[in-house]
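Numbering-wise (the numbering used here), the sequence shown opens with residue 1409 and increments by one.
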Amino acid sequence: MDSIDEKVIGAGISGLSAGGCDGPPATGKSRRIIMFCDLRDSTDILSNFEQGKYGKHTDGGHCFTYEKFIFDVHKTSYEYLYLGHNKTHTEIYGDGLMAIFPEDNTNYILENIYSLTKQMRVYNDSEGVGVVRPSIDMGFGITVADITLVYYYLDQRYHPIGMGVHEAARIEGVSKFYDARVLISERFFHDTVAYIDADPRFSYRFIDRVCLKNFHEPVSLYEILVDNDPRFDQKIRSVPLYSEAYDKYCAGDWQQARELFLRVYHDYGLGTGLVMANRCELLVQHPPQEWCGVWSLQDK
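Right, here's the structure in full:
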């Protein structure tokens, strides 16, 4: 889903009355975990359905449609997040979902990520995927921030506002760019690293330190690794080489860093290495006057 954060917040603010709201007052700011999940390549998938690439074969005599595929997406990927916890605020937007969790729900989130990524892999390995129906490829962006829940009279519901909503959406938006499934901010990483270290089903890798688009403060990004990912082991094995490359990148040795990042790409098949190698090439060609190792992202 394109620019989900601006669509959500823009739509919400337009529904406010001049006095702030018609209904219960807004909640005070509270620190929450914010997660965005989104179906990747949704526009291409819909186009392929309309062009007849999928649904040519029948399942029990019925043609498989785009609407049925979206139902599969929600059943496979969102059901536990949407229904599994009465303290979770959730909003569904077509093929995407935003969930707001209490700050003490870190372990609960990890368990749900594990469940839905496992279901997604089972679905993608099932008969007919790629022929009758497309595979499901989800991206996740998670952060921790202060948000306010504001009541909108148009739909008589509370909706979250705050920079954390935008940040989580931005992080999800660049997850595919970094060849990452579950991309998180350093704030959520600090909350969850103890759980990850204690559970062999999980691991993590550092990705980058950046300024997200329209943000001024840098944030470190990490990927949560889950053992039901076919590339779980190779992502873990890539960490020492990637760390060496990133140290040289931060030190301004971009040519050497580029060579090491390319090894990450070729030896482990990780697109993150190619992204960073291409960035190093730009830095070699156009070295900045000042360099602190923080890259400003221009895309969402």
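Glycine is no exception: its CB is placed at the ideal position from the N, C-alpha and C atoms. Just so you know, these numbers come straight off a predicted model, no measurement behind them.
One Cα belongs to F1477, the other to T1498, and the distance between them is close to 21 Å. Segment contact: the stretch 1641–1652 against the stretch 1549–1556, fewer than three CB-CB distances shorter than 8 Å; contact not assigned.
Annotation note: the stretch 1662–1706 contains the following uninterrupted alpha helix (DSSP H) runs of length 4 or greater, listed N- to C-terminal: 1662–1676 and 1679–1693. Burial state of N1622 is exposed, judged by a 10 Å Cβ sphere holding fewer than 16 other Cβ atoms. Annotated three-state conformation of T1498 is strand, per DSSP. For L1489, the secondary structure class from DSSP, reduced to helix, strand or coil, is helix. Here L1454 has Y1474 as same chain residues with Cβ atoms under 8 Å from its own Cβ, once five neighbours each way along the sequence are excluded. Taken atom to atom, the span from the alpha-carbon of I1579 to that of G1660 is near 25 Å. The C-alpha of S1534 lies about 13 Å from the C-alpha of T1484. Between the alpha carbons of D1616 and H1470 lies a distance of about 46 Å. Nearest C-alpha to E1519 among P1626, F1640, D1635 and V1672: D1635. In the three-state reduction of the DSSP assignment, D1554 falls in the strand class.
Around the C-beta of G1681, 16 or more other C-beta atoms lie within 10 Å, and the residue is accordingly described as buried.
Residue burial annotation: V1539 is exposed, with fewer than 16 other C-beta atoms found within 10 angstroms of its C-beta. Contact check for L1489 and L1505: beta-carbon distance about 6 Å, within the 8 Å limit, so the pair qualifies. Fully contained in the stretch 1519–1597 are the following alpha helix (DSSP H) runs of length 4 or more, in chain order: 1571–1583.
Bounds of the beta strand (DSSP E) holding F1614 are F1610 to C1619. Judged by DSSP secondary structure, F1509 falls within the beta strand (DSSP E) whose first and last residues are G1504 to P1510. Excluding its 5 nearest sequence neighbours in each direction, G1463 has C-beta neighbours in its own chain below 7 Å: F1457, C1471, F1472, T1473 and V1540, listed in chain order. For the pair L1670 and Q1697, the Cα-to-Cα distance works out to about 25 Å. Relative to D1637, the option among K1656, C1658, A1588 and L1620 whose CA is nearest is A1588. Counting every other CB atom within 10 Å of its CB across the protein chains shown gives W1699 a total below 16, marking it as exposed. The DSSP-derived three-state label of H1470 is strand. Per DSSP, reduced to three states, the secondary structure at E1631 is strand.
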